[in-house]
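Below: the structure, in structure tokens.
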Amino acid sequence: SLREAGINPNSPIPKHIFINRKDIPFTPHQEYMGPSKEAARNWKSLTAGSDSIYLSDPSKYGLNDPGIKAPFFLFHEPPPKAADDKDNLLKFYVLNNLHELHCVHMIRMRYNALVYDAANTTPLASNPLDVDWIDHIEHCFEYLRLSVTCGDYMTFETDSPPGSPREYWEGGLSWGVVHSCIDWDALLAWQHEMVAEYNRTW
633 SLREAGINPN SPIPKHIFIN RKDIPFTPHQ EYMGPSKEAA RNWKSLTAGS DSIYLSDPSK
693 YGLNDPGIKA PFFLFHEPPP KAADDKDNLL KFYVLNNLHE LHCVHMIRMR YNALVYDAAN
753 TTPLASNPLD VDWIDHIEHC FEYLRLSVTC GDYMTFETDS PPGSPREYWE GGLSWGVVHS
813 CIDWDALLAW QHEMVAEYNR TW
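Residue numbers for the sequence shown follow the numbering used here, beginning at 633 and rising by one.
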């Protein structure tokens, strides 16, 4: 069951997403690799939906903090009818798996610029755009580190919790959201125990 798998069954995510598993070999897909226009198109398509999901009744799923503002791909400035419903504008919740994919894409774009278009790319923070890139990439590295060591299932992320320090929410980075994570230290300890067990076999 979902509960036995550590997944909250009271989730807006369709259950078949968890239950209908697929055995997918991890093999390289060249159409997503390198600096080609095809790869850029494929990554753009893969991340076109941003990393958030609209939930009409977030409290139904235990999400009591506000979400993020409706993503920019819908509109830069909401139309008047949408703008009038300010509560509804904040009912987009970042799904951690999509956030991870977004971060990989951000790192990939900057990496490709530095490696394949070095003549037109400044590797140092010499202008405000580079400063933004550095902030975003550093955020992505740290977010991916936290995600890998957390090992959680699909998690909806609010904006930074109320009362968070400025550095948590400034620039739309939304630090401070709590995830239900595995005990990473216990995992490493178990890994070491298994190495010791193996070592006792010879």
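No residue lacks a Cβ here, since even glycine has one placed at the ideal position from N, Cα and C. Computed from a prediction, not measured in an experiment: that's the story for all the values here.
Cβ-based burial, residue i [other Cβ within 10 Å; buried from 16]
{"i": "I656", "result": "exposed"}
{"i": "F788", "result": "buried"}
{"i": "I651", "result": "exposed"}
{"i": "A702", "result": "buried"}
{"i": "S688", "result": "exposed"}
{"i": "W900", "result": "The displayed coordinates of the chain run from 633 to 834. Any statement about residue 900 would go beyond what the structure contains."}
{"i": "P690", "result": "buried"}
{"i": "V763", "result": "exposed"}
DSSP beta-bridge partners of residue i
{"i": "Y725", "result": "I685"}
{"i": "I700", "result": "F724"}
{"i": "E616", "result": "In this structure the chain extends from 633 to 834, so residue 616 is not present and cannot be described."}
{"i": "C789", "result": "At residue 789 the sequence reads Glu, which differs from the Cys that was named. Beta-bridge pairing links E789 to V726."}
Given residue i as reference, the closest of the options once Cα atoms are compared
{"i": "D791", "options": "T679, P667, L727", "result": "L727"}
{"i": "S668", "options": "D817, L695, V747", "result": "V747"}
{"i": "R673", "options": "G808, L730, K713, R740", "result": "R740"}
{"i": "E772", "options": "A818, L730, Y785", "result": "What sits at residue 772 in the sequence shown is Cys, not Glu. Closest by alpha carbon: L730."}
{"i": "D784", "options": "N720, N752, I814", "result": "I814"}
{"i": "P646", "options": "D817, M786, W822, N696", "result": "M786"}
Own chain residues within Cβ distance below 7 angstroms of residue i, not counting five before or after
{"i": "A671", "result": "E663, Y664, M665"}
{"i": "H737", "result": "W675, T679"}
{"i": "P845", "result": "Outside the shown range of the chain (633 to 834) lies residue 845, about which nothing can therefore be said."}
{"i": "P644", "result": "L687, Y693"}
{"i": "D717", "result": "none"}
{"i": "R742", "result": "W765, I769"}
{"i": "P576", "result": "Outside the displayed span of the chain (633 to 834) sits residue 576, for which this structure offers no information."}
Beta-carbon contacts of residue i that lie in its chain and below 8 angstroms, excluding the five residues immediately before and after
{"i": "E732", "result": "Y775, L776, S779"}
{"i": "D749", "result": "P667"}
{"i": "E799", "result": "W807"}
CB contact flag (residue i, residue j, <8 angstroms)
{"i": "D683", "j": "H734", "result": "yes"}
{"i": "H824", "j": "C782", "result": "no"}
{"i": "I685", "j": "Y725", "result": "yes"}
{"i": "S806", "j": "I700", "result": "yes"}
Cβ neighbours of residue i in the same chain (closer than 6 angstroms, five flanking residues each side left out)
{"i": "T753", "result": "A745, L746"}
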